[in-house]
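Chemist: Supplied in structure tokens, the structure appears directly below.
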Amino acid sequence: MAHLNPSLLLFLSLNLLHLLHTVIARGGERDSGFVDITYAASGRHLSEETHFQKLNKLAQGYMTNSDLEKAIKAFHGRCGHISRIYSIGTSVLGVPLWVMEISNNPGKEEAKPAFKFIGNVHGDEPVGRELLLLLANWLCDNYNKDPLATLIVDNVHLHILPSMNPDGFSLRKRGNAYNIDLNRDFPDQFFPINDDMDERQPETKAIMRWLKDIRFTASASLHGGALVANYPWDGTEDKSKSYFACPDDETFKYMAKLYSGSHFNMSKSEEFESGITNGAQWYPIYGGMQDWNYIFADCFELTLEITDNKWPPANELQMIWEYNKMSMLNLVASLVKSGVHGRIFSSDCGEPLPASITVKGINYTIKAGEILADYHRLLTPGHQYEVIATMPGYKTRRTTVLVREEAVTLDFILEPDISKGNVFLPNHCVVIRPAITFPPSVWGDQFLVYEQQEDEDITHKVIDDLKEEVTKEISASLNDPSEYLNLLKLVDTIQRLGIAYYFEKEIKEALQHIYDSYGDNWTGADIFNKYKDKDGAFSYESLNNDVQELLELYEATYVSMPGEVILDDALLFTRNRLHEIAKESNSKQIQDALKQPLHKRLPRLEAIRYIPFYESQTSHNHSLLKLAKLGFNMLQSQHKKELSEISKWWKAFDVPNNLPFARDRLVECYFWATGVYFEPQYSQSRMFLAILIAIGTILDDTYDAYGTYEELLLLTEAFQRWPNACLDELPETMKLIYRMQVNLNEKMGEILAKMGKGHHLNYIEEAMQEYIRSYMTEATWFHKGYLPTVEEHIELTYISTAYKYIMTASFAAMGDVITDETFKWVFTNPPIVRACCVICRIMDDVVANKEEQERKNVPSAVECYMTQFNVTDEQHVRDLLNAKVGDAWREINKESLVCKDVERPIIMMILNLARVMDVVYKNKDEFKYGGEQFRANIKALFVDAIII
């Protein structure tokens, strides 16, 4: 050393200190040929006393071990509703190793993934213990307020060990009280170190016992001295410093990048690309906790170096917490946002099986839980995987899944392998199904045969002539501003007579012409003032006691949008006054309006009601009236033909006899589809949608009332493997349902292919699979006896209503108005789609709640609300939910005007879907029981022609 010049010495010192900084982060290896590097050996030549004194100064503002224990207990005292605390053992000096568990069901065995954070593995790296207390308190403070906090608490069992090495912390040194580096004290995969259990430290033994008691899916230990997310392997077979990948290298890199990318600046590291590193490439260590977790405990653990400074001043802790907060939260949340999760059952009576899960191409196996047989397999998103379930004595099952940026649920049913002599396994079980029957179809084969009208050609000629007359009348009014009001009335009449499809081009031009002339000033902002008295209240006298004007104001209030208080007030006033007038008169027009406002009526039903009313008006247009009648009958004939075609398809599957447990409601489903779009150009779309809704009805009854939990798992899996699933294990009834859907989709696929839109079927089938998964989630809730919160219920049943699926399917074969962008739009769950689904869900739940709960069905929105908010008055809850229906209608009204993402026919379809609900579920479940009025509507639409 004496022969080295000072400049060279300085050069070597600086470079060695750089290397020491890197090594200090994780430390040297005990008894393996490496030096145990501490601050005393880092070239600073501090005396032990001076070093301890310096660390004591740095520790000012950090919690002592006593402070930490008090903070943990204070957290539990404040947040006991979502937490428990327990000790996994004690340190060498007898300090309890306290753990906080955070979950909405702490301490309970559930089919949820578990995550653990461990801090202060090294005594002189204390930042982790501070951050983990901040994390716990943040989750408590933000539960049911912040979506991420709520997601974690509701779906993960999070265990937090703030200090694994309390002795090292109090002694201000890296190792424990025996000066042993705890991150070198675990069994190693390459070298026979630490294999003697008696030689391990009590802190290490506590961790190992902990992981035997609790199955952790993933984990992270918090360190200091660098800024990087480290992942396995930590060592190599030859102790070389080189990249050494574990079987799940891609998944670990995904996890590490998730942490680094969510951090304030970790991903910007100049030393580590993307702020992550393979441990062995950084520098190898042996006997580390990270690799042991992955090898021996099925737990994916990262080593997180969260500060360059191992012991930063206490006043920087809040800033460090803010830098790491989203990283910590996103890492935990990834357990439920990604990967493949599920349970494994025996096909005999559905007992859980603690089977093994492997993924083709990845040499790694995880074990399902012993009690619930749940598994949670972390995988990198954006890839397709073949997942394999195996269990001695059972046949192996394989399923291929595409893992996207969201978790995949995949349950397995394993069949006993009797061929291998497993006679001790149960061979059968008695299936007890709910005793429920639905009324049979009242229509029988009434629509099976279609008889074409003999004089259709003549009728077509008459209709064409009448259309020309009306077109000329519209055109004549365009050039005379004094006729604009009459022109608007004519357009309104055409629409109410149900023949607007004859004049789409003319109506659009007329409305555009009027708008171009007057803009937004057609009515004026103060229009409602004319209906108010001097005190600003709505007054009937201000209307000059004009009942017709009162009725028109009433109808106008139903197109109100959110926040339009004046229209809400107008509705209350007009509705009350009309009720008073209705008591004094027999006006059918008023009674019909009060029963169902014009805005909520289905166009085709309104035509049936309005045609005779219009005819009774002395000022009616004779040509227009005749066109309305002829047009109605002509279109009714087309509808009858369509009904005949789908009835033949339905009869070929003999649904009433082969699926007697389900509602046979094909005609009612065709009514539903006609409600969505009745116009002649949508014939193929309408027939497809009608059958799709009918099959959906059968699926609803299968999941709600017929299938066992195990059968439903199989059926769900079959739909997820669409369309090439193996059906051997399904009951014959479910095989038939599946084949019906395959047959229907094949027919629509052929139609779409001819239109050059064959790929549109992929979107519909994707929506179908989402819809089926939502049914399975509901079945799982019921199977587990789980009562969801109102928020959980709404979020899931938004899909299980089938309305999003129906909307997507209704686009099929509509023509050029539908593009790929239309399907992508509906998958974004835009406000108008969500509002329509809310109307469907709530109206169904409100009318069906009592009956559904009597037969112990999936909880309804009514039941969820009453339980969550401890409300005993069911009518009060119904009123609250009905108010939400009103809010949803206002949202639809707004979006109908402002939504420019899709063409107008799409908006009208969604509006009509909401209108169908107001017809079918207004006061009772007309669809299920086929009430008298519902049957009358069907007869009027598809049986009885209008007399000319």
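Each residue of the sequence shown is one higher than the one before, counting from 512 in this note's numbering.
C-beta: ideal position from N, C-alpha, C; glycine also.
Bear in mind the structure is a predicted one, so any value in this text is a computation, not a measurement.
Using C-beta distances below 8 Å, list every residue in its chain close to residue 1012, excluding the 5 sequence neighbours before and after it, in chain order.
Modeler: Contacts found: 1190, 1191, 1192.
Chemist: Let me confirm a value: residue 611 is counted as buried when at least 16 other C-beta atoms fall within 10 Å, else exposed. Which label applies?
Modeler: Residue 611 comes out buried.
Chemist: Count the other C-beta atoms from every protein chain shown that fall within 10 angstroms of the C-beta of residue 571, then say buried if there are 16 or more, exposed otherwise.
Modeler: Classification for residue 571: exposed.
Chemist: Is there contact here, the stretch 1330-1341 with the stretch 1382-1397, by at least three beta-carbon pairs under 8 Å?
Modeler: Result no; under three Cβ-Cβ pairs closer than 8 Å.
Chemist: Looking at the structure shown, is residue 1311 part of a helix, part of a strand, or coil, going by DSSP?
Modeler: Residue 1311 falls in the helix class under three-state DSSP.
Chemist: Would a C-beta distance cut-off of 7 Å place residue 712 and residue 806 closer than the cut-off?
Modeler: Result no, Cβ atoms of residue 712 and residue 806 do not sit closer than 7 Å.
Chemist: To the nearest angstrom, how far is it from the Cα of residue 874 to the Cα of residue 900?
Modeler: Cα to Cα, residue 874 sits roughly 14 Å from residue 900.
Chemist: Among the residues of its own chain, which have a CB less than 7 Å from the CB of residue 843, if the five just before and after it don't count?
Modeler: Excluding positions up to five away in sequence, the list reads 626, 663, 667, 669.
Chemist: Does the Cβ-Cβ distance between residue 1154 and residue 1181 come in under 7 Å?
Modeler: Cβ distance < 7 Å, so residue 1154 and residue 1181 count as in contact.
Chemist: In three-state terms, what does DSSP make of residue 622?
Modeler: Coil.
Chemist: Return yes when the Cβ of residue 636 is within less than 7 Å of the Cβ of residue 821, no when it is not.
Modeler: In this structure, residue 636 lies closer than 7 Å to residue 821 by Cβ.
Chemist: Within its chain, find whatever has a CB closer than 6 Å to the CB of residue 1195; leave out the 5 residues flanking it on each side and keep chain order.
Modeler: Contacts found: 1262, 1324.
Chemist: Bridge partners of residue 742, per DSSP?
Modeler: Answer by DSSP bridge pairing, in chain order: 789.
Chemist: Quick check on the burial criterion: 16 or more other C-beta atoms within 10 angstroms. Buried or exposed for residue 606?
Modeler: The residue in question, residue 606, is buried, as its Cβ has 16 or more Cβ neighbours within 10 Å.
Chemist: Do you know whose CA, among 866, 824, 888, 773, lies nearest residue 835's CA?
Modeler: Closest option to residue 835, Cα to Cα, is 773.
Chemist: Just to confirm my understanding: we take residue 799, look at its own chain, exclude 5 residues before and 5 after, and list those with CB closer than 6 Å. What are they?
Modeler: Cβ neighbours of residue 799 beyond the five flanking positions: 694, 745.
Chemist: Check each candidate in 1198, 639, 1065, 741 and name the one with the smallest Cα separation from residue 790.
Modeler: Cα-wise, what sits closest to residue 790 is 741.
Chemist: Under the assumption that residue 927 contacts residue 905 (Cβ atoms under 8 Å), give the Cβ distance between them as a whole number of angstroms.
Modeler: Right, the Cβ-Cβ distance comes to about 6 Å (below 8 Å), so this counts as a contact.
Chemist: Is it buried or exposed, residue 1171, if we count other Cβ atoms within 10 angstroms and call 16 or more buried?
Modeler: It is exposed - the Cβ of residue 1171 has fewer than 16 other Cβ atoms within 10 Å.
Chemist: Taking all protein chains shown into account, do 16 or more other C-beta atoms lie within 10 angstroms of the C-beta of residue 691, making it buried, or fewer, making it exposed?
Modeler: So residue 691 counts as buried.
Chemist: Less than 7 Å between C-beta atoms, sequence neighbours within five positions excluded: which residues of the same chain meet that for residue 1399?
Modeler: If we look at residue 1399 and ignore the five residues flanking it on each side, its Cβ neighbours are 1346, 1349, 1350.
Chemist: Give me whichever residues DSSP pairs with residue 895 in a beta bridge.
Modeler: 913, per the DSSP bridge assignment.
Chemist: Which of helix, strand or coil does DSSP assign to residue 1397?
Modeler: If DSSP states are grouped into helix, strand and coil, residue 1397 belongs with the helices.
Chemist: For residue 1009 versus residue 1114, is the C-beta distance shorter than 7 Å?
Modeler: A contact, by the Cβ cut-off of 7 Å.
Chemist: Shortest alpha-carbon distance to residue 1432 belongs to which of 723, 1107, 1075, 983?
Modeler: Looking at the Cα atoms, 1107 is the closest of the given residues.
Chemist: Assuming residue 674 and residue 630 are in contact, meaning their beta carbons sit under 8 Å apart, how far apart are those beta carbons, in whole angstroms?
Modeler: Rounded, the Cβ-Cβ distance is 6 Å, consistent with contact.
Chemist: Do residue 1292 and residue 1412 have their beta-carbon atoms positioned less than 7 Å apart in this structure?
Modeler: No, the Cβ-Cβ distance between residue 1412 and residue 1292 is not below 7 Å.
Chemist: Given a cut-off of 7 Å, decide if residue 845 and residue 769 are closer than it, judged by their beta-carbon atoms.
Modeler: Yes; because the gap between Cβ atoms is below 7 Å, this pair is in contact.
Chemist: Could you tell me whether the Cβ atoms of residue 864 and residue 902 are closer together than 7 Å?
Modeler: Yes, the pair counts as a contact, with Cβ atoms nearer than the cut-off.
Chemist: Is residue 665 helix, strand or coil when you go by DSSP?
Modeler: The answer is helix: DSSP assigns residue 665 an H, G or I state.
Chemist: Buried or exposed: residue 1062, going by 16 or more other Cβ atoms within 10 Å of its Cβ?
Modeler: Result: buried.
Chemist: Under three-state DSSP, which class holds residue 855?
Modeler: Correct three-state label for residue 855: strand.
Chemist: From residue 598 to residue 1338, what does the alpha carbon distance come to, in whole angstroms?
Modeler: Distance between the alpha carbons of residue 598 and residue 1338 is about 47 Å.
Chemist: Quick check on residue 1214: does DSSP put it in helix, strand or coil?
Modeler: Helix, per DSSP.
Chemist: Which stretch, first to last residue, makes up the alpha helix (DSSP H) that contains residue 1416?
Modeler: Looking at the DSSP string, the run of the alpha helix (DSSP H) that includes residue 1416 is 1415-1431.
Chemist: What's the C-alpha gap between residue 1159 and residue 1178?
Modeler: Roughly 12 Å between the two C-alpha positions.
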